[in-house]
Each structure stands twice: as C-alpha cells, then as structure tokens.
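Visitor:
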Amino acid sequence: MKHNKKSSRWKQVNPIRALIGYAIGMLMVLAGIYIATLTPVGPLPEALPFLESNDRVQVTQGRYIFFIPTRESAHTGFILYPGGRVDYRSYAPLAARLAEKKAGRWLWSPCR
9 MKHNKKSSRW KQVNPIRALI GYAIGMLMVL AGIYIATLTP VGPLPEALPF
59 LESNDRVQVT QGRYIFFIPT RESAHTGFIL YPGGRVDYRS YAPLAARLAE
109 KKAGRWLWSP CR
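Residues 9 to 120, numbered by the working numbering, are exactly what the sequence shown covers, in order.
1. Quick one, are the C-beta atoms of T47 and Q66 less than 8 Å apart?
2. Could you tell me the distance, in whole angstroms, from the CA atom of Y96 to the CA atom of L27?
3. From the DSSP secondary-structure annotation, give me the bridge partner or partners of P77.
4. Compare the beta carbon distance of F75 and A107 with 8 Å and say whether it is the shorter of the two.
5. I need the DSSP call for L88, collapsed to helix, strand or coil.
6. Should Y42 be labelled buried (16 or more other beta-carbon atoms within 10 Å of its own) or exposed?
7. Give me the residue from V37, P23, R64 and P90 with the minimum Cα distance to I73.
8. According to DSSP, V49 sits in a beta bridge with which residue or residues?
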C-alpha cells in the first residue's frame, strides 16, 4: 500500500502562515491588555456618601480631600495616596472610618 501525501493526517504547515497567525494573535493580546489598562476602576456607589461631612467627620474637598474628626483634635496626620487605575473616591470609606476612630487627620491627594 502506497502512502499518499494528500491522505496524510498531518499536513506540512506553511511557516509564513504560521508566523502571520502568531503575529495576529500577539497583536490581539497586546491590544486587549492596552485597552484594559485604559479602563479605570470607578468607586462603588456605597463609597460616595463617605465624601460628605457628618457629625463625626468633617470632609473638606478642594485640590486635596481632608477627613478631620470633629469630636477631638487630631495630633497625627496620615496621607493616603490612590493606587493606579483606581478612582480616588474609592478610598473615602477607609479614610472616613479611620478618622472616626480618631486615628488622626486624613489627607489624600486625588489624581485628577
């Protein structure tokens, strides 16, 4: 029985087609990573009320945001700096709760 090239299960792969397929695949992966890095993560809706003053914490917004405990004067200060791709408002619950517990004045520099 003769072994016919056309009936072979494993055909010879054209190296140029393989290279083009590999390049297209890599471009798609890199484009996906690039698009993902451009999409910032926004704050949860539950975080936004913490940006308002209440009876325990005074919130001052301007170029910087201050969380100052209202019941006692704080002698310690902390700076909270937002991480990459995370909206600065996402840190409001953390800063407000720590200011409530009189852990000091909280300031953070939002990247706008």
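Cβ coordinates follow ideal geometry from the N, Cα and C atoms, glycine included.
Guide: So, from the listed chains and residues:
1. Working through the sequence shown from its first residue, we reach residue 47 at position 39. Working through the sequence shown from its first residue, we reach residue 66 at position 58. Taking 8 Å as the Cβ cut-off, T47 and Q66 do not qualify as a contacting pair.
2. The count along the sequence shown starts at 1 and reaches residue 96 at position 88. The count along the sequence shown starts at 1 and reaches residue 27 at position 19. Computed Cα separation, rounded: 43 Å.
3. Locating residue 77 in the sequence shown gives position 69, where the first residue counts as 1. Looking at the DSSP output, P77 sits in a beta bridge with V65.
4. Position 67 of the sequence shown holds residue 75. Position 99 of the sequence shown holds residue 107. Taking 8 Å as the Cβ cut-off, F75 and A107 qualify as a contacting pair.
5. Here residue 88 corresponds to residue number 80 of the sequence shown, with the count starting at 1. Per DSSP, reduced to three states, the secondary structure at L88 is strand.
6. Numbered from its first residue, the sequence shown carries residue 42 at position 34. When all chains shown are included, Y42 counts as exposed.
7. On the sequence shown, position 65 is the one that residue 73 refers to. Closest by alpha carbon: P90.
8. As a first step, residue 49 is located in the sequence shown; it is residue number 41 there, counting from the start. Assignment of beta-bridge partners to V49 by DSSP yields V94.
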